[in-house]
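Same order as they appear, the protein sequences are chains A and B. The opening position of the first sequence corresponds to residue 1 in the UniProt record's numbering, with each subsequent residue numbered one higher. The opening position of the second sequence corresponds to residue 1 in the UniProt record's numbering, with each subsequent residue numbered one higher. Beta carbons: idealized from backbone N, C-alpha and C, even for Gly. Since this is a predicted model, take the numbers as computed values, not measurements. All remarks here apply to the structure that follows.
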Amino acid sequence: MTDKLIRRGLSRRGLLQTTAGLIGGSMLPALPAFAEDKPAIGSYPAGVSGSTAFIGISVPRTGTYAVQGEDELKGYQLAIEHINSGHDLIKKISPKTSKGVLGKELKFGVADSAAKPNEAVQAQQRFISENKAIMITGGTSSAVAVALNKLAQREHVLFVCGISGSNDTTGKDCVRYGFRQNFFGQTAAAAIGPVMVKEFGKGKKAAYLTPDYTYGHTVTKSMQDFLATAGWTTVTNQVAPLGAPDYSSYLLNVANSGADVLINVNWGHDAVLSTQQAKQFGVLDKMKLVVPYQVPFIARETGGLMQGVYAATDYWWTIEDKFPLAKMFNEAFEKKYGYKPEWGAENAYVSFAHWARMCEEAGSFNPPDVIKAYEKGETLPSLVGDVHYRPEDHQCVRPVIIVKGKQQKDMKSKEDWYDVVEIVPGEGLMQKPDAFGCHPGDYT
Amino acid sequence: MISWPNLVSQLFNGLALGALLALISSGLTIIYGTLGVLNLAHGAMFMIGGYAGFVTYQYTESFVLAVIAGSLFVMLLGVVMERVIIRHFYHRPHEDQLLVTFGLGICFVELVRLIFSSQSQIVPPPALFQGITNLGFMFYPTYRLAVVGIVAIALGALFLVLYRTRLGMIVRAGIEDSVMVDSLGINVYRVFMVVFGIGAMAAGFAGIVNAPVVSLTPGIGDDILVQTFVVVVIGGVGSFPGAILGGLIAGEIISVTSMFNPGYAYVMLFAAMTLVLVVRPHGLLGVQGRE
Chain A
1 MTDKLIRRGL SRRGLLQTTA GLIGGSMLPA LPAFAEDKPA IGSYPAGVSG STAFIGISVP
61 RTGTYAVQGE DELKGYQLAI EHINSGHDLI KKISPKTSKG VLGKELKFGV ADSAAKPNEA
121 VQAQQRFISE NKAIMITGGT SSAVAVALNK LAQREHVLFV CGISGSNDTT GKDCVRYGFR
181 QNFFGQTAAA AIGPVMVKEF GKGKKAAYLT PDYTYGHTVT KSMQDFLATA GWTTVTNQVA
241 PLGAPDYSSY LLNVANSGAD VLINVNWGHD AVLSTQQAKQ FGVLDKMKLV VPYQVPFIAR
301 ETGGLMQGVY AATDYWWTIE DKFPLAKMFN EAFEKKYGYK PEWGAENAYV SFAHWARMCE
361 EAGSFNPPDV IKAYEKGETL PSLVGDVHYR PEDHQCVRPV IIVKGKQQKD MKSKEDWYDV
421 VEIVPGEGLM QKPDAFGCHP GDYT
Chain B
1 MISWPNLVSQ LFNGLALGAL LALISSGLTI IYGTLGVLNL AHGAMFMIGG YAGFVTYQYT
61 ESFVLAVIAG SLFVMLLGVV MERVIIRHFY HRPHEDQLLV TFGLGICFVE LVRLIFSSQS
121 QIVPPPALFQ GITNLGFMFY PTYRLAVVGI VAIALGALFL VLYRTRLGMI VRAGIEDSVM
181 VDSLGINVYR VFMVVFGIGA MAAGFAGIVN APVVSLTPGI GDDILVQTFV VVVIGGVGSF
241 PGAILGGLIA GEIISVTSMF NPGYAYVMLF AAMTLVLVVR PHGLLGVQGR E
């Protein structure tokens, strides 16, 4: 039913708050059989007193991050389908999962965040109060992730973060109730920085295109800090609003800056548009392009402009040669949706699978118990090998995939956009948990 | 840091943006001036022009055909929209018109999203205008140079229609006083249909001409709509020359401000609009006293 409702969803924002699970979640009184000897907190136990558990999902379905939001949503949907049916892949990540989480079928509602924090918070607030959501998720914009962190902590409902690359998300804005699977902007910088220095040399001049919000500023700062150690300087940093309609003015400044390398920190459609226009203005003829933290869709959407370009990313499907779970995921995803999954889908799937595992290990949906299960910091399987969540800041320690855009002639299929240059283990890249001032707050 | 060539290139950039805004705004202002309808679906028309051209390009690989098809499709859409929906709202309050056109805009955007998804689509510039031109003092994308020329020709054509034809005479008279035109025995409603079609076509034409400059997404008309309204207000609501002047002013403000501090580009644009409204409430070239 939820699927059907989602497919029907044509409207802009918030109109997709599907109500599947509403009855189970909010209308029925608590069943005595499920009563646990734990105090009520957040939407617990009200949200899981029936035979279902409800998850609130907010992804951008419109605006500059819409493509990534759709990919992310598909990852969530596949994860929920697999959890509810006890799929083999889920069992590999969460061995105790049979059907549903703790025997409860997962239901979900979807709202369009349009990558705007206020829209996402309003939608999730409704999912929590009306549907008794036991977990909320979303992101794609770090500004959204940071806002949902705060909501989660206030409402005592777990927030399993979707795509968010800002240092702040599990840094200064971290919360006890929030968990993130994809890495810091600083981690991306630490991974791709050495590759850039090796490729382009020391003492280079860099121009930055930075989106004007938490993700953009922290990634740019991280890149600048890292590259400064190799004598790189910043000749210009052009800061554009999220969803800027035209980058020509910024690019003229870049073109006249005398930079050797353009570091395009933009993401989603902004990255596509700015890269495409950089080509138009001849910027890419004058200087090399690097996209330090990117989503693979950019290769397709720019029509080949990523050829030869280095980028750090969370996931690229060809790593299935090395990781059997990635292969299983790719096959299941492609069968259902008809294309190779990208980073958003991987991130969404794994985040849900890990959450399901933690609930099973805690033996309860009780938020403090689930949080403590995460905080054991045990080694977990993921699509990119073994990973673990740090107890101090709830940040997943996982590898960074460095890719380089393939030349057209080398592409073996229409989705073969990148060579995987390196899979950099997360351990050596990560800064200390308190490096960004994380103070996660209380359990209750 | 701010060098002379940099300033000139930004001024030129402003001209390119301004020309585009002028063309889109002229369509909006003609429709409002003649019909009294503030068409909030105008941004969506701009977007649809781009997509209609994109589809044509996919099949024909001809940019010229893409421009023709994009323009004609949106003109047809405008005529149908006027006949089926808008004409029922001529005598309704402005807020009804705003809401119905806004709603139509949302429907158009979501329909396009349903068909094409949110992924960016690319229409390459024609081979003739690909690459970069050395203007002596700066390098500039050849196609953007061409856009200024193409838009200038389009505005010239629109000018000829408005100022050198009987239809144009009626339209301009209608802008001044549609009741008088009606009482002279001219079927203003048929004229209205044509005007709506022409106004929409201006947006559609701009949409496909602009497509190689940006990548197409369903939401591409949203920002343009806001800028277009600012242009119309600066130039004077209902004034064709005002739309051109307003467009050029807006383009330069956005571009030059971006050179110093990109974050303030829109702030300056709205500040300029406010200033104009304070000094000349009917806009720079607007007709004083018109309803």
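Buried versus exposed call for residue i [16 or more other C-beta atoms within 10 Å across all chains shown]
i, result
"Ser-43 (chain A)", "buried"
"Ile-153 (chain B)", "exposed"
"Leu-275 (chain B)", "exposed"
"Glu-378 (chain A)", "exposed"
"Leu-28 (chain A)", "Only weak support exists for where Leu-28 (chain A) lies, its pLDDT of 42 falling under 50; the coordinates are left without a value."
"Leu-225 (chain B)", "buried"
"Leu-277 (chain B)", "exposed"
"Glu-331 (chain A)", "exposed"
"Met-223 (chain A)", "buried"
"Lys-322 (chain A)", "exposed"
"Met-201 (chain B)", "buried"
"Asp-410 (chain A)", "exposed"
"Leu-15 (chain B)", "buried"
"Thr-214 (chain A)", "buried"
"Met-196 (chain A)", "buried"
"Ile-150 (chain B)", "buried"
"Asn-118 (chain A)", "exposed"
"Gly-283 (chain B)", "buried"
"Ser-382 (chain A)", "buried"
"Leu-160 (chain B)", "exposed"
"Arg-357 (chain A)", "buried"
"Ile-371 (chain A)", "buried"
"Asp-442 (chain A)", "exposed"
"Met-169 (chain B)", "exposed"
"Asp-168 (chain A)", "buried"
Minimum C-alpha distance to residue i - residue among the options
i, options, result
"Phe-159 (chain A)", "A:Gly-138, A:Ala-362 and A:Ser-166", "A:Gly-138"
"Thr-210 (chain A)", "A:Gly-50, A:Pro-399 and A:Tyr-247", "A:Tyr-247"
"Thr-257 (chain B)", "B:Gly-247, B:Gly-246 and B:Leu-269", "B:Leu-269"
"Met-75 (chain B)", "B:Phe-192, B:Tyr-163, B:Leu-285 and B:Gly-168", "B:Phe-192"
"residue 525 (chain A)", "A:Val-350, A:Leu-289 and A:Lys-335", "The displayed coordinates of chain A run from 1 to 444. Any statement about residue 525 (chain A) would go beyond what the structure contains."
"Pro-399 (chain A)", "A:Thr-214, A:Lys-221, A:His-388 and A:Gly-441", "A:His-388"
"Cys-161 (chain A)", "A:Gln-153, A:Asn-149, A:Glu-155 and A:Gly-86", "A:Asn-149"
"Val-290 (chain A)", "A:Arg-357, A:Thr-234 and A:Tyr-208", "A:Tyr-208"
"Val-148 (chain B)", "B:Leu-285, B:Phe-12 and B:Val-287", "B:Phe-12"
"Gln-130 (chain B)", "B:Pro-141, B:His-282, B:Val-123 and B:Ser-120", "B:Pro-141"
"Ser-118 (chain B)", "A:Asn-264, A:Pro-60 and A:Tyr-310", "A:Pro-60"
"Gly-56 (chain A)", "A:Gln-307, A:Val-261, A:Lys-340 and A:Tyr-76", "A:Tyr-76"
"Gly-109 (chain A)", "A:Lys-99, A:Gly-100, A:Ser-98 and A:Ile-128", "A:Ile-128"
"Leu-20 (chain B)", "B:Tyr-59, B:Ile-254, B:Arg-113 and B:Val-267", "B:Ile-254"
"residue 310 (chain B)", "B:Leu-65, B:Glu-82 and B:Tyr-51", "For residue 310 (chain B) there is no data in the structure shown, the boundaries of chain B being 1 and 291."
"Ala-384 (chain A)", "A:Ala-79, A:Phe-329 and A:Gln-153", "In the sequence as presented, Ala is not what sits at residue 384 (chain A); that position holds Val. Out of A:Ala-79, A:Phe-329 and A:Gln-153, A:Phe-329 has the C-alpha closest to the C-alpha of Val-384 (chain A)."
"Asp-434 (chain A)", "A:Glu-392, A:Tyr-418 and A:Cys-396", "A:Glu-392"
"Phe-196 (chain B)", "B:Ile-31, B:Thr-165, B:Leu-23 and B:Asn-261", "B:Ile-31"
Supposed close pair residue i, residue j - CB separation, criterion 8 Å
i, j, result
"Thr-64 (chain A)", "Ala-115 (chain A)", "7 Å"
"Ile-9 (chain B)", "Gly-247 (chain B)", "Looking at the sequence shown, residue 9 (chain B) is not Ile but Ser. No, Ser-9 (chain B) and Gly-247 (chain B) are not in contact; Cβ-Cβ is about 19 Å, not under 8 Å."
"Gly-231 (chain A)", "Gly-258 (chain A)", "In fact, because the Cβ distance is near 16 Å, the residues do not count as touching under 8 Å."
"Ile-423 (chain A)", "Ala-312 (chain A)", "Not confirmed; about 11 Å, so no contact."
"Lys-74 (chain A)", "Ala-345 (chain A)", "5 Å"
"Val-237 (chain B)", "Thr-29 (chain B)", "6 Å"
"Ala-203 (chain B)", "Phe-46 (chain B)", "4 Å"
"Ile-211 (chain B)", "Val-123 (chain B)", "The question names Ile, yet the displayed sequence has Ala at residue 211 (chain B). Ala-211 (chain B) to Val-123 (chain B), Cβ: 4 Å. Contact."
"Ile-263 (chain A)", "Ile-319 (chain A)", "Actually they do not touch by this definition, with Cβ atoms about 24 Å apart."
"Trp-343 (chain A)", "Met-135 (chain A)", "Not quite, the Cβ-Cβ distance comes to about 21 Å (not below 8 Å), so this is no contact."
Residue i: CB within 7 Å of a non-hydrogen atom of the ligand FAD
i, result
"Gln-10 (chain B)", "Questions concerning the ligand FAD fall outside what the structure shown contains, since it holds no ligand whatsoever."
Validate contact between the stretch 3-15 of chain B and the stretch 135-147 of chain B using beta carbons, cut 8 Å, 3 pairs: Note that the stretch 3-15 of chain B touches the stretch 135-147 of chain B; at least 3 beta-carbon pairs, one per stretch, sit closer than 8 Å.
May I have a chain-ordered list of the beta strand (DSSP E) segments no shorter than 3 residues that lie completely inside the stretch 388-441 of chain A? Listed in chain order, the beta strand (DSSP E) elements of length 3 or more contained wholly in the stretch 388-441 of chain A are 400-405 and 418-424.
Measuring CB atoms only, is the stretch 45-60 of chain A touching the stretch 101-109 of chain A, in the sense that at least three cross pairs come out at less than 8 Å? Result yes; three or more Cβ-Cβ pairs closer than 8 Å.
At least 3 beta-carbon pairs within less than 8 Å: the stretch 329-339 of chain A vs the stretch 417-432 of chain A: By the Cβ criterion, the stretch 329-339 of chain A is not in contact with the stretch 417-432 of chain A, since fewer than three pairs of Cβ atoms, one from each stretch, lie closer than 8 Å.
Starting from the N-terminal side, write out each stretch of the beta strand (DSSP E) that is 3 residues or longer and does not extend beyond the stretch 107-144 of chain A. DSSP runs (the beta strand (DSSP E)) wholly in the stretch 107-144 of chain A: 135-138.
Per the contact definition of three or more C-beta pairs closer than 8 Å, is the stretch 31-46 of chain B in contact with the stretch 100-119 of chain B? Output reads yes: the stretch 31-46 of chain B touches the stretch 100-119 of chain B.
Which runs of the alpha helix (DSSP H) fall wholly inside the stretch 188-266 of chain B and span at least 4 residues, in chain order? If we require 4 residues or more, the alpha helix (DSSP H) runs fully inside the stretch 188-266 of chain B come out as 188-210, 220-235 and 240-260.
Under 8 Å: do the stretch 271-288 of chain A and the stretch 81-100 of chain B share three or more Cβ pairs, one atom per stretch? Output reads no: the stretch 81-100 of chain B does not touch the stretch 271-288 of chain A.
Counting only runs of 3+ residues fully inside the stretch 259-307 of chain A, write out the beta strand (DSSP E) ranges in chain order. Under the rule that a run must span 3 or more residues, the beta strand (DSSP E) segments found entirely inside the stretch 259-307 of chain A read 261-264 and 288-291.
Any beta strand (DSSP E) of 3 or more consecutive residues that is wholly inside the stretch 121-161 of chain B: Entirely contained in the stretch 121-161 of chain B, the beta strand (DSSP E) runs reaching 3 residues are, in chain order, 132-134 and 139-141.
Where in the stretch 232-259 of chain A do unbroken runs of the alpha helix (DSSP H), each at least 4 residues long, occur, reported from the N-terminal end onward? The DSSP assignment places complete alpha helix (DSSP H) segments of no fewer than 4 residues inside the stretch 232-259 of chain A at 248-255, in order along the chain.
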